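Q:
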Amino acid sequence: MLTLVLQVEKAERPGQTDALETAARAVLAILADERSVGDGEWAAAMRDWQDARIRKLVRRARGAEWRRASALPGITVTGTTAVVRVFPPVPLDEVPKDLAKLQVTGTDLQDPEPPGEPGPGTPVLWVNPQLEMSTGKTMAQVGHAAHLAWLDLPAPARKTWQSADFPVAVRTATAAQWSALLRTSLPVVQDAGFTEVEPGSCTVIADHPALRGREY
Numbered sequence: 002m003l004t005l006v007l008q009v010e011k012a013e014r015p016g017q018t019d020a021l022e023t024a025a026r027a028v029l030a031i032l033a034d035e036r037s038v039g040d041g042e043w044a045a046a047m048r049d050w051q052d053a054r055i056r057k058l059v060r061r062a063r064g065a066e067w068r069r070a071s072a073l074p075g076i077t078v079t080g081t082t083a084v085v086r087v088f089p090p091v092p093l094d095e096v097p098k099d100l101a102k103l104q105v106t107g108t109d110l111q112d113p114e115p116p117g118e119p120g121p122g123t124p125v126l127w128v129n130p131q132l133e134m135s136t137g138k139t140m141a142q143v144g145h146a147a148h149l150a151w152l153d154l155p156a157p158a159r160k161t162w163q164s165a166d167f168p169v170a171v172r173t174a175t176a177a178q179w180s181a182l183l184r185t186s187l188p189v190v191q192d193a194g195f196t197e198v199e200p201g202s203c204t205v206i207a208d209h210p211a212l213r214g215r216e217y
């Protein structure tokens with residue numbers, strides 16, 4: 002289980018889209034981190050996790066909870082309004098107590114204004130417009146999509162993406178866009194259906210220019 006923790010303070014709540022994009026970047030950050038590959042200190046845990054059912058769980062924290070979580074080994078990624086910390090994966094029954102006690106359900110955010118068009122060449126994670134998912138659930142799903150994109154990318158494209166600090170946009174597709182995306186060979190997240198959606202639901206499609214040779 003790979004845990005992501007979103008900082009949600011009482012007085013300052015991050016925007017929905019920024020939280021989603023920051024979660025995706027956090028997943029990419031730990032995948033690319035030198036500690037996660039080769040003989041790195043997290044490498045064995047990352048290999049074991051990716052060889053089994055790849056699960057991600059999003060929790061939220063504030064105040065002292067966040068400070069305790071931040072003291073654990075991991076990587077903190079900061080967006081415009083969102084802060085997400087990602088932790089090396091562990092078996093579900095070995096999640097540190099300072100993470101295990103954090104809230105999972107009920108994380109629902111709003112955007113102060115609709116997100117704009119993604120910049121030219123920016124990888125886009127397209128969310129299925131027909132599904133209703135909480136912010137926390139969607140954060141996990143876009144994390145899966147970013148993960149699939151990373152696995153499919155050739156090494157030079159990975160290096161380019163990493164050197165740019167993993168720019169990524171998350172947008173909800175229109176019905177027409179979603180239909181067209183499903184006809185491509187781009188990576189598609191199919192959810193196991195443990196929470197919120199039916200098993201096998203297609204939740205997010207990862208549209209990276211290097212995976213299709215052109216932008217959508």
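When you line the sequence shown up against this note's numbering, it's residues 2 to 217, in that order.
C-beta: ideal position from N, C-alpha, C; glycine also.
Quick caveat, the model's predicted, so the values are computed rather than measured.
1) Between which two residues does the alpha helix (DSSP H) holding Leu32 run?
2) Any idea what DSSP makes of Arg215, helix, strand or coil?
3) Could you tell me the boundaries of the alpha helix (DSSP H) in which Val128 lies?
4) Counting along the chain, where does the alpha helix (DSSP H) carrying Ala158 start and finish?
5) Kindly indicate which three-state DSSP category Lys11 falls into: helix, strand or coil?
6) In terms of residues, what are the limits of the beta strand (DSSP E) holding Arg61?
7) My assumption, with CB atoms under 8 angstroms, is that Thr173 sits in contact with Pro119. Please give the rounded CB distance.
8) Please list, in chain order, all residues of the same chain as Ala176 whose beta carbon is under 8 angstroms from its beta carbon, the five residues on each side excluded.
9) Do you know how far the Cα of Gly41 is from the Cα of Gln104?
10) With a 10 Å radius around its C-beta and 16 neighbouring C-beta atoms as the bar for buried, classify Leu1 as buried or exposed.
11) For Gln191, which beta-bridge partners are listed by DSSP?
12) Taking Arg213 as the reference, which of Ala158, Asp112, Ser180 and Gln191 has the closest Cα?
A: A quick look at the data gives this:
1) Gln17 to Ala33
2) Reliability fails at Arg215, whose pLDDT of 41 lies under 50, so the model's placement of it is uncertain and the value that follows must be treated cautiously. Arg215: coil per DSSP, three-state reduction.
3) Per DSSP, Val128 belongs to no alpha helix (DSSP H); it is in the beta strand (DSSP E), Val125 to Val128.
4) Ala156 to Ser164
5) coil
6) Lys57 to Ala62
7) Between Pro119 and Thr173 the Cβ distance is about 12 angstroms, and since that is not below 8 angstroms, they are no contact.
8) Pro130 and Gln131
9) 30 angstroms
10) Only positions 2 to 217 of the chain appear in the structure, and residue 1 is not among them; the question remains open.
11) Cys203
12) Ala158
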